[in-house]
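Residue numbers (the numbering used here): 1 to 189.
Right under this line is the structure:
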């Protein structure tokens with residue numbers, strides 16, 4: 001189990017980005033970027049979202065929840081911010097599937113559609129994979145991707161993840177059990 005102070009070790013910088021857990025002081029930046037999203041570009045893009053329920057009090061509870069998830073090794077959720085101006089451009093998360101002899105996790109990512117096509121996704125996901133293997137001691141990380149989401153497939157491939165299989169009826173979304181492509185990356189020692 002992690003201590004609260006260890007959470008702040010999971011901060012990393014790339015050439016253009018800072019990846020770190022959200023802080024309560026991020027509320028205005030975070031909310032502003034959700035409100036500035038373009039309309040949905042495809043079925044897997046939520047686009048503009050009604051954020052009226054996302055008050056500062058709600059956000060502070062979300063931060064507490066994220067910290068608890070990290071403290072219990074359940075999930076690590078990173079805000080992605082541009083170094084040049086601190087703008088929140090998206091989120092990347094790691095979830096623990098199984099520890100023990102597996103050391104197995106899952107990666108997820110979501111970027112505000114205003115920032116697509118700039119390489120932020122590839123840069124952030126590469127860095128979180130590095131953190132997963134070097135800082136969090138995972139051996140295997142999977143991405144579970146809808147079969148009709150070519151942008152997510154391309155991102156997984158661009159960060160060196162390999163296609164493994166299709167898991168049939170894997171996740172309940174869009175009102176039905178849907179298939180997912182499984183991409184993976186193992187720690188290379």
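Just so you know, even glycine gets a beta-carbon here, dropped at the ideal spot from N, CA and C.
These figures come from a predicted structure and were not determined experimentally.
Within-9 Å CB hit, residue i to chain B
i	result
residue 83	Annotation note: the requested chain B is absent from the structure, which comprises a single protein chain.
Euclidean distance between Cα positions of residue i and residue j
i	j	result
residue 74	residue 110	19 Å
residue 21	residue 78	5 Å
residue 6	residue 175	Below a pLDDT of 50, predicted positions are generally treated as unreliable, and residue 6, at 49, falls in that range; the measurement from the model is reported next regardless. One C-alpha to the other measures close to 39 Å.
residue 32	residue 155	25 Å
residue 93	residue 76	6 Å
residue 58	residue 186	36 Å
residue 158	residue 63	30 Å
residue 100	residue 131	19 Å
residue 1	residue 19	Model confidence at residue 1 stands at a pLDDT of 43, short of 50, so the residue's coordinates are unreliable and nothing is read from them.
residue 97	residue 72	13 Å
residue 136	residue 179	29 Å
residue 44	residue 13	28 Å
residue 16	residue 70	25 Å
residue 46	residue 60	23 Å
residue 68	residue 10	14 Å
Bridge partners - residue i, DSSP secondary structure assignment
i	result
residue 180	146 and 167
residue 61	According to DSSP, residue 61 bridges with nothing at all.
residue 110	91
residue 140	104 and 186
residue 172	177
residue 162	184
Residue closest to residue i, alpha-carbon to alpha-carbon, out of the options
i	options	result
residue 126	103, 38, 184 and 53	184
residue 197	34, 43 and 67	Nothing can be reported for residue 197, as the shown portion of the chain is limited to 1 through 189.
residue 37	25, 50 and 27	50
residue 41	145, 150 and 136	150
residue 91	182, 24, 30 and 153	30
residue 147	133, 129, 135 and 170	170
residue 152	136, 134 and 119	119
residue 65	24, 86, 89 and 98	24
residue 55	28, 144 and 67	28
residue 166	43, 172 and 144	144
residue 161	135, 172 and 129	129
Is the region 112-123 in contact with the region 80-100, if contact means three or more CB pairs nearer than 8 Å?
Contact between the region 112-123 and the region 80-100 is present, with at least three C-beta pairs closer than 8 Å.
Would you call the region 135-154 in contact with the region 89-106, where contact means no fewer than 3 C-beta pairs closer than 8 Å?
Yes, since at least three Cβ pairs between the region 135-154 and the region 89-106 fall closer than 8 Å, the two stretches touch.
What are the uninterrupted segments assigned as beta strand (DSSP E) that are 3 or more residues long and contained completely in the region 54-107, given in chain order?
For the region 54-107, whole beta strand (DSSP E) runs of length 3 or above, ordered along the chain, are 75-82 and 88-98.
Which runs of the alpha helix (DSSP H) fall wholly inside the region 12-49 and span at least 4 residues, in chain order?
Qualifying alpha helix (DSSP H) stretches, in chain order: 27-35.
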